[in-house]
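Engineer: Can you read through this structure? Questions will come right after.
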Amino acid sequence: MRLPRPSRTRSRLLLAGLTGLLLTAAAAVVAVPGTAAAATLKVTYTGPDSAPYRAPTKLSAVIALGDSGYAGATVTFRVGTASCTATSAGDGSASCTLAPADKPGYYGVSVRAESDAGRVGTFSTFRIEKAATTLAYTGTKYIANDEPARLAAVLKDGAGQAVENRTVQFALGTGANEQKCDAATDTGGTASCTVAKVDQPLNENGTVPVSGAFAGDDYYLSSGDSATVLLQYVTGRAYGAFAAVDLLLFPVTLPPQPDTGAVRTARATVTKPPCSAEIDAPGLEFDAVCADVTTSLAPGTSVAHTTVESARIGLPGLPVIELSGVEAVSTSTCQKAAGTTGLTLKIAGKQIDVPDVPNTEIDLGLARLVVNEQIPVADADHGLTVNAVHLQDAAGLIDVVVGSATSDAHNCPPTA
């Protein structure tokens, strides 16, 4: 007995029924209605499609029931492992802020809305980008050769948040003079390291470039900063005798001698021209005259020193001035400047007791004699010119210096 075959029409109806059942089941994964009306509950993502790593970012969506916004739905946004939750407002809008916490790349953003009317979700493309960074130099602004220098910088992301545990590379100076050190940022984003002994050349401005650089990584973009720091230096000059006399029928011109010339350095040096056994000019005699400038480091120091074994000044209209054992010393550091003199003085054959105080004046009638003259150096942080003896008249016709020493220090750090 042959069984009847199912008709093609009946097979098609059966297949269509099964297909509809599967589609209905699939739709239930996206929307689970609490009522028949809830089948029209929908969510639309309206926020950005990208955000930098760790940057607080506002995500938003609109929840609608039919053509109207739906209020009171709990809306959860998720990007990778970061999530935030909001409640939809009367117009159906919902927003909250999250900071992407995963390695930059494509993740997508999922939005899920739950309410008495049911549950609905959506998924949109979302990319976590590398975060921009800024590096700001905060280290020392003053350096000195043969002394340590602390270099430092603060690393932050584009949102102003500290970036920790990242390596910053520092460089002091350039080219063959470059000195490097590296450090990792702490929880506050600060990286600092120390150049044990600064060794930098002195340029015209007394400046040295310093830079910091963060190379970037899988999470952050690179950044850097540069600055100019001041290199401590000292100057000095010493000479034994000088004269410029313009008296009628008695002109005298004696350039500074022996003279170290101007010394300017950021290193340890000794400048010492040959001593002069004897210097003679009309009305002037000087014996065994020496001058030198010595600089040293850690701390930076300049010492200018002059000695004159004996001197005699005999100018028209003035009593004879005799000097012996003349010494002038000027010493400057970044802490202070100080000066001393020593000599024996006779005027018109009479020995004069000179008090051990700076700028002692002796009236000679047509001129004045200043013993242990001390004049601050105007353009230095600390500096002093010391003249053992300085003879001048009010008219500016007589100017004689015996034993001059000048020292000064520059680019000193400010005191607390």
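Okay, so the sequence shown: first residue is 1 according to the UniProt record's numbering, each after it adds one. All residues carry an ideal CB built from backbone N, CA and C; glycine is no exception. In this text, all values refer to a predicted model and were calculated from it rather than measured experimentally.
Applying the 10 Å Cβ sphere with the 16-neighbour rule, what's the burial state of LEU248?
Structural biologist: In the sequence shown, the residue the question calls residue 248 occupies position 248. Exposed: under 16 other Cβ atoms inside 10 Å.
Engineer: What does a CB cutoff of less than 7 Å around GLY189 pick up in its chain, not counting 5 residues either side in sequence?
Structural biologist: For this step, residue 189 is matched to residue 189 along the sequence shown. So the list reads VAL154, LEU155, LYS156, ALA162, VAL163 and GLU164, once near-sequence residues are dropped.
Engineer: With a CB to CB cut of under 8 Å and the five nearest residues on each side skipped, what residues in its chain are close to SER60?
Structural biologist: Walking along the sequence shown from the start, residue 60 turns up at place 60. Excluding positions up to five away in sequence, the list reads TYR45, THR46, GLY47, SER93, ALA94 and SER95.
Engineer: Would you tell me roughly how many angstroms separate the C-alpha atoms of PHE170 and ARG267, rounded to the nearest one?
Structural biologist: Start at 1 with the first residue of the sequence shown, and residue 170 comes out as number 170. Start at 1 with the first residue of the sequence shown, and residue 267 comes out as number 267. About 23 Å.
Engineer: What does DSSP give as the partner residues of LEU41 in its beta bridges?
Structural biologist: In the sequence shown, counting from the first residue as 1, residue 41 sits at position 41. The partner list for LEU41 (beta bridge, DSSP) reads LEU65.
Engineer: Would GLY216 and VAL168 qualify as a contact pair, given that the criterion is a beta-carbon distance under 9 Å?
Structural biologist: What you label residue 216 is simply residue 216 of the sequence shown in a count that begins at 1. What you label residue 168 is simply residue 168 of the sequence shown in a count that begins at 1. For GLY216 and VAL168, no; Cβs fall outside 9 Å.
Engineer: Judging by CA-CA distance, which residue of SER223, VAL402 and LEU318 is the nearest neighbour of ASP393?
Structural biologist: Sequence index remark: in the sequence shown, residue 393 carries index 393 (1-based). When each option's Cα is compared against that of ASP393, the closest is LEU318.
Engineer: Kindly indicate which residue of ALA132, VAL252, ALA86 and LEU231 has the alpha-carbon position closest to the one of GLY160.
Structural biologist: Sequence index remark: in the sequence shown, residue 160 carries index 160 (1-based). Closest option to GLY160, Cα to Cα, is ALA132.
Engineer: Could you give the C-beta distance for ARG237 and THR406, rounded to a whole number, given that I count them as a contact under 8 Å?
Structural biologist: Sequence index remark: in the sequence shown, residue 237 carries index 237 (1-based). Sequence index remark: in the sequence shown, residue 406 carries index 406 (1-based). About 5 Å separates the two Cβ atoms, so the contact holds.
Engineer: How is ASN177 classed by DSSP in three states: helix, strand or coil?
Structural biologist: Residue 177 sits at position 177 when you count from the first residue of the sequence shown. It is helical.
Engineer: Contact check, ILE313 vs LEU364 under 8 Å by CB: the rounded distance?
Structural biologist: Indexing the sequence shown from 1 puts residue 313 at position 313. Indexing the sequence shown from 1 puts residue 364 at position 364. Going by Cβ atoms, the distance from ILE313 to LEU364 rounds to 10 Å, so no, they are not a contact pair.
Engineer: Does the pairing of the stretch 50-57 with the stretch 121-135 give three or more beta-carbon distances under 8 Å?
Structural biologist: A contact exists between the stretch 50-57 and the stretch 121-135.
Engineer: With H, G and I counted as helix, E and B as strand and the rest as coil, what does DSSP make of VAL198?
Structural biologist: Within the sequence shown, the letter at position 198 stands for residue 198. Coil, per DSSP.
Engineer: Start and end of the beta strand (DSSP E) containing TYR137?
Structural biologist: On the sequence shown, position 137 is the one that residue 137 refers to. Taken as a continuous stretch (DSSP letters only), the beta strand (DSSP E) holding TYR137 covers 133-137.
Engineer: Apply the 10 Å Cβ neighbour rule to GLN179 and answer buried if 16 or more other Cβ atoms are within range, or exposed otherwise.
Structural biologist: Indexing the sequence shown from 1 puts residue 179 at position 179. GLN179 is buried by the Cβ-count criterion.
Engineer: Considering only the alpha carbon of each residue, which of THR207, PRO414, VAL234 and SER192 lies closest to LEU297?
Structural biologist: Stepping through the sequence shown from its first residue, residue 297 is reached at position 297. Ranking THR207, PRO414, VAL234 and SER192 by Cα distance to LEU297 puts VAL234 first.
Engineer: What did DSSP end up calling ASN165 once you bin it into helix, strand or coil?
Structural biologist: Residue numbering aside, residue 165 sits at position 165 when the sequence shown is read from its first letter. Here ASN165 sits in coil by DSSP.
Engineer: Could you pull out every residue in the same chain whose Cβ sits closer than 8 Å to the Cβ of THR360, ignoring the five residues on either side in sequence?
Structural biologist: In the sequence shown, the residue the question calls residue 360 occupies position 360. Only VAL354, VAL370, VAL371 and ASN372 meet the Cβ criterion.
Engineer: Quick one: Cα of PRO100 to Cα of VAL229, how far?
Structural biologist: Stepping through the sequence shown from its first residue, residue 100 is reached at position 100. Stepping through the sequence shown from its first residue, residue 229 is reached at position 229. Cα-Cα distance, rounded: 39 Å.
Engineer: Quick one, which of ASP102, THR74, GLY139 and PRO104 has its alpha-carbon nearest VAL111's?
Structural biologist: The residue you call residue 111 lines up with position 111 of the sequence shown. Comparing Cα-Cα distances from VAL111 to each of ASP102, THR74, GLY139 and PRO104, the minimum goes to THR74.
Engineer: So if DSSP puts ALA113 in a beta bridge, which residue, or which two residues, is it bridged to?
Structural biologist: For the purposes of this step, residue 113 is identified with residue 113 of the sequence shown, where counting begins at 1. According to DSSP, which records beta bridges pairwise, ALA113 is partnered with VAL75 and VAL120.
Engineer: Near ASP399, what residues of its chain come up, given a Cβ to Cβ distance below 6 Å and the 5 sequence neighbours on each side ignored?
Structural biologist: Position 399 of the sequence shown, counted from the start, is the residue given in the question as residue 399. Correct list, in chain order: ALA244 and GLN392.
Engineer: Based on Cα-Cα distance, which residue from GLY139, CYS412, VAL62 and ALA378 lies nearest to ASP91?
Structural biologist: Residue 91 sits at position 91 when you count from the first residue of the sequence shown. Measuring from the Cα of ASP91, the nearest candidate turns out to be VAL62.
Engineer: Identify, in the order they occur along the chain, each residue of the same chain with its Cβ nearer than 8 Å to the Cβ of GLN200, setting aside the five sequence neighbours on each side.
Structural biologist: Within the sequence shown, the letter at position 200 stands for residue 200. These residues qualify, in order along the chain: ILE143, ASN145, LEU172, GLY173, ASN177, GLN179, VAL208, LEU231 and ALA266.
Engineer: Taking the CB atoms as reference points, tell me whether ALA337 and PRO299 lie closer together than 9 Å.
Structural biologist: Counting from one through the sequence shown, the residue named residue 337 turns up at place 337. Counting from one through the sequence shown, the residue named residue 299 turns up at place 299. Cβ atoms of ALA337 and PRO299: not closer than 9 Å.
Engineer: Which term fits ASN411, buried or exposed, when burial requires 16 or more other beta carbons within 10 angstroms of its beta carbon?
Structural biologist: Here the question's residue 411 lines up with position 411 in the sequence shown. Buried: at least 16 other Cβ atoms inside 10 Å.
Engineer: To the nearest angstrom, report how far apart ALA277 and CYS290 are at their CA atoms.
Structural biologist: Here residue 277 refers to the residue found at position 277 of the sequence shown. Here residue 290 refers to the residue found at position 290 of the sequence shown. Spanning the two alpha carbons is a distance of roughly 9 Å.
Engineer: For GLY66, count the other beta carbons within 10 Å of its own beta carbon; 16 or more makes it buried, fewer makes it exposed. Which is it?
Structural biologist: Numbered from 1 along the sequence shown, position 66 holds the residue referred to as residue 66. Result: exposed.
Engineer: If you count every other CB in all the chains shown that lies within 10 Å of the CB of PHE77, and 16 or more means buried, which is it?
Structural biologist: Here residue 77 refers to the residue found at position 77 of the sequence shown. PHE77 comes out buried.
Engineer: What does the Cβ neighbour count give for THR140, buried or exposed, with the cut at 16 atoms within 10 Å?
Structural biologist: The count along the sequence shown starts at 1 and reaches residue 140 at position 140. When all chains shown are included, THR140 counts as buried.
Engineer: Out of TYR220, GLU327, ARG368 and GLY261, which one is the CA nearest neighbour of LEU315?
Structural biologist: In the sequence shown, the residue the question calls residue 315 occupies position 315. It is ARG368.
Engineer: Take LYS272 and list the residues in its own chain whose beta-carbon comes closer than 6 Å to its own, dropping the five residues that flank it on each side.
Structural biologist: Taking the first residue of the sequence shown as 1, we reach residue 272 at position 272. ASP292.
Engineer: What's the gap between the Cα of ALA28 and the Cα of PHE214?
Structural biologist: The sequence position of residue 28 within the sequence shown is 28, counting from 1. The sequence position of residue 214 within the sequence shown is 214, counting from 1. Unreliable positioning characterises ALA28 in this predicted model, as indicated by a pLDDT of 32, which lies under 50. The coordinate reading is nonetheless provided below. Roughly 51 Å separates the two Cα atoms.
Engineer: Identify which residue in ALA55, ALA378 and VAL210 has its Cα closest to the Cα of TYR137.
Structural biologist: If you number the sequence shown from 1, residue 137 lands on position 137. Nearest of ALA55, ALA378 and VAL210 to TYR137, Cα basis: VAL210.
Engineer: Per DSSP, what kind of secondary structure is GLU204 in: helix, strand or coil?
Structural biologist: The count along the sequence shown starts at 1 and reaches residue 204 at position 204. Correct three-state label for GLU204: coil.
Engineer: Which runs of the beta strand (DSSP E) fall wholly inside the stretch 339-395 and span at least 3 residues, in chain order?
Structural biologist: Segments of the beta strand (DSSP E) lying fully in the stretch 339-395: 350-352, 360-363, 368-376 and 382-392.
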